[in-house]
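Those protein sequence lines, which keep their order, are chains F and V. Residue 68 in our numbering sits at position 68 of the first sequence, with consecutive numbering throughout. Residue 27 in our numbering sits at position 27 of the second sequence, with consecutive numbering throughout. Where a beta carbon is used, it is the ideal one built from N, C-alpha and C, also for glycine.
Number of protein chains: 2
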Amino acid sequence: MRPKIYLFGDSITEMSYGDGGWGASLADHFSRTVDVVLRGYSGYNTRWALRVMEKVFPAVEGGGGDGDPLAVTVFFGANDASLPDRCSAFQHVPLNEYKQNIHSIVSSLKKRWPKTRILLITPPPIDEEGRLRHPYVENPMGLPERTNEAAGAYAKACVSCAEECGLPVVDLWTKMQQLPDWENVYLRDGLHLTPSGNRIVFDEVVTKLKTEGVCLDNLAVDLPLITEIDPNDPLKAFQK
Amino acid sequence: MRPKIYLFGDSITEMSYGDGGWGASLADHFSRTVDVVLRGYSGYNTRWALRVMEKVFPAVEGGGGDGDPLAVTVFFGANDASLPDRCSAFQHVPLNEYKQNIHSIVSSLKKRWPKTRILLITPPPIDEEGRLRHPYVENPMGLPERTNEAAGAYAKACVSCAEECGLPVVDLWTKMQQLPDWENVYLRDGLHLTPSGNRIVFDEVVTKLKTEGVCLDNLAVDLPLITEIDPNDPLKAFQK
């Protein structure tokens, strides 16, 4: 049975199999070695994620076995960081609770699957003008429901959690803002990713997984590759 | 547990999570309802596929249960149709054997999973000039290793198998050739698909699955959608 990598997160995960999506690119990258499993839930914050974890991840007898996933990406914070006094307030989670929730999500995964690598991903930066141009709900105030400053605080909290738990982290908020015109090149509505933005997430996730030992070099290929099949005796490759 | 749709085939399946790929598009389409599982094996013909089926599809006790996949796409023939006297001869499978092999693959799946929908997909048409411009192996003869006529014979055999088994089929060979400039618009090397070619496969597969009752309207959504969450009492949605 092929090992699995779960992608657990909000809409940036749920939409990651769209055009140029980072999830699809991961599945393509690992096409003969790993099943990449999509568990993205649009709009969800860590409070809701924590409530549904038992349903998202199937209970397995024992644990520590071969059926444990290779890795889980945990990519929340963009909704938690919605401002508490703006039009998406119902998705807001206070910063301290966000941090506690990430710790709880990590603990729950570690308890279930002690050997599974957990990779945290911070929320992306926010382009407030983009958010005003592409409202998700009625916004009579005319003020953005998310700000880059707030997203940054949640991103920093996410990085702290990773340090406290000894986990790898993709600091997407910082990474993207190091690049020119990030507002337009990497974000399509001030929050969600363009194909180029998806590419950054893909590259960073592949790099971080590699530092954890999860890379093509270390993974068994499912069934003989065409290059391993002897043209003079093709069936020999299938006799094992 | 989410139901699964397996994609079983050769390189056109293995590469289906690449840019604009039909597999990734299916996974995106079913993002909250179904796990689309990639089982593509580049270069494989039906003879080899038949040898590895027990390894590709995990044995399940009993069968007929909730863990059975919703559907399996079976997409072989492009390699079987390699000409027996050209540079990819080792992948060739005679037409009669191809037909028998498709029947055997279908029987094996039906025996294991009586209720699972099986969708056959014919090989695509071949652009012989494209094949000469993009050789996969040394080709001293200077003749294409695949021809459109041969691919057409295997496509017709695939359609016959579907009729004999009472299964739906995507006749990609015929469908693509009804469209203008198919050689360049839908094929990137005379055989493999461009994003537009992938789009055709995606549209056809979604349409055929729908006629089999496999469509978003009939599938349970995994956890409450954001639109089902009451902004005034979000946690209510998670109390069930």
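Beta-carbon gap between residue i and residue j smaller than 8 Å
i              : j              : result
residue 71(V)  : residue 216(V) : no
residue 57(F)  : residue 146(F) : no
residue 173(F) : residue 155(F) : yes
residue 220(F) : residue 33(F)  : yes
residue 91(V)  : residue 82(V)  : yes
residue 43(F)  : residue 79(F)  : yes
residue 36(F)  : residue 87(F)  : no
residue 195(V) : residue 28(V)  : no
residue 69(F)  : residue 116(F) : yes
residue 106(V) : residue 118(V) : yes
residue 2(V)   : residue 222(V) : yes
residue 95(V)  : residue 153(V) : yes
residue 177(F) : residue 123(F) : no
residue 144(V) : residue 128(V) : yes
residue 315(V) : residue 41(V)  : Because chain V in this structure spans residues 1 to 240, residue 315(V) falls outside the shown range and cannot be described.
residue 170(V) : residue 212(V) : no
Cα-Cα separation between residue i and residue j, rounded to whole angstroms
i              : j              : result
residue 8(F)   : residue 206(F) : 16 Å
residue 39(F)  : residue 76(F)  : 12 Å
residue 49(F)  : residue 235(V) : 11 Å
residue 22(V)  : residue 190(V) : 18 Å
residue 233(F) : residue 166(V) : 35 Å
residue 158(V) : residue 175(V) : 14 Å
residue 63(F)  : residue 184(F) : With a pLDDT of only 48 at residue 63(F), under the threshold of 50, the placement of this residue in the model should not be trusted; the figure read from the coordinates follows. When rounded, the distance between both Cα atoms is 44 Å.
residue 5(F)   : residue 160(F) : 23 Å
residue 17(F)  : residue 201(F) : 13 Å
residue 30(V)  : residue 239(V) : 25 Å
residue 61(F)  : residue 67(F)  : Only weak support is given to the placement of residue 61(F): the predicted model assigns it a pLDDT of 49, under 50, and the value that follows is read from those uncertain coordinates. Straight-line Cα distance between these residues: approximately 10 Å.
residue 187(F) : residue 224(F) : 40 Å
residue 13(F)  : residue 26(F)  : 12 Å
residue 54(F)  : residue 15(F)  : 22 Å
residue 110(F) : residue 182(V) : 51 Å
residue 148(F) : residue 24(F)  : 27 Å
residue 98(F)  : residue 214(F) : 28 Å
residue 199(F) : residue 193(F) : 9 Å
residue 197(F) : residue 180(F) : 12 Å
residue 142(V) : residue 132(V) : 7 Å
residue 93(V)  : residue 134(F) : 54 Å
residue 218(V) : residue 218(F) : 40 Å
residue 241(V) : residue 227(F) : The structure shown does not extend to residue 241(V), since chain V spans only 1 to 240, so no value can be given for it.
residue 237(V) : residue 108(F) : 22 Å
residue 164(V) : residue 89(F)  : 58 Å
residue 73(F)  : residue 59(F)  : 18 Å
residue 51(F)  : residue 100(V) : 51 Å
Neighbouring residues, chain F, relative to residue i (Cβ below 9 Å)
i              : result
residue 41(V)  : 32, 222, 223, 224, 225 and 226
residue 156(V) : By Cβ distance, chain F contributes nothing, its closest Cβ being about 25 Å from residue 156(V), past 9 Å.
Proximal chain V residues relative to residue i, where beta-carbon distance stays under 7 Å
i              : result
residue 95(F)  : The premise fails here: residue 95(F) is roughly 18 Å from chain V at the closest Cβ pair, so nothing lies under 7 Å.
residue 267(F) : Lying outside 1 to 240, the shown extent of chain F, residue 267(F) is not represented and no answer is given.
Interface partners of residue i on chain F, CB under 7 Å
i             : result
residue 18(V) : 28
beta-carbon residue i near the ligand HEM non-hydrogen atom, thresh 7 Å
i              : result
residue 203(F) : What this structure holds is no ligand at all, so the ligand HEM is not there to describe.
Interface residues of chain V facing residue i [CB-CB closer than 9 Å]
i              : result
residue 135(F) : Those do not exist, as residue 135(F) stays about 15 Å from chain V at its closest Cβ, beyond 9 Å.
residue 48(F)  : 223, 224, 229, 234, 235, 237 and 238
residue 35(F)  : 35, 37 and 38
residue 57(F)  : Those within 9 Å of residue 57(F) in chain V number zero; the least Cβ separation is about 11 Å.
Cross-chain neighbours of residue i in chain F, by beta carbon under 8 Å
i             : result
residue 1(V)  : 58
residue 52(V) : 223 and 238
residue 21(V) : 24 and 28
residue 14(V) : 31 and 32
8 Å Cβ cutoff, residue i in contact with chain C
i             : result
residue 42(F) : Of the protein chains in the structure, F and V, none is chain C.
**Study point:** Sequence ranges, beta strand (DSSP E) only - wholly within the stretch 131-186 of chain V, length at least 3
**Key:** none
Exercise for review: Note down, in chain order, all residues in the stretch 97-114 of chain V with a beta-carbon under 7 Å from any beta-carbon belonging to chain F.
Suggested key: none
Check your understanding: Mind listing which residues of the stretch 185-213 of chain V have their C-beta closer than 8 Å to chain F's C-betas, in chain order?
Key -> none
Review point. Going along the stretch 67-88 of chain V in order, which residues come within less than 8 Å of chain F, judged by CB to CB distance?
Key: none
Check your understanding: Mind pulling the alpha helix (DSSP H) runs of 4 or more residues that sit fully within the stretch 178-236 of chain F?
Key -> Runs found: 182-185 and 195-211.
**Study point:** In chain order, each alpha helix (DSSP H) run of at least 4 residues that lies wholly inside the stretch 45-109 of chain F
**Key:** 46-56
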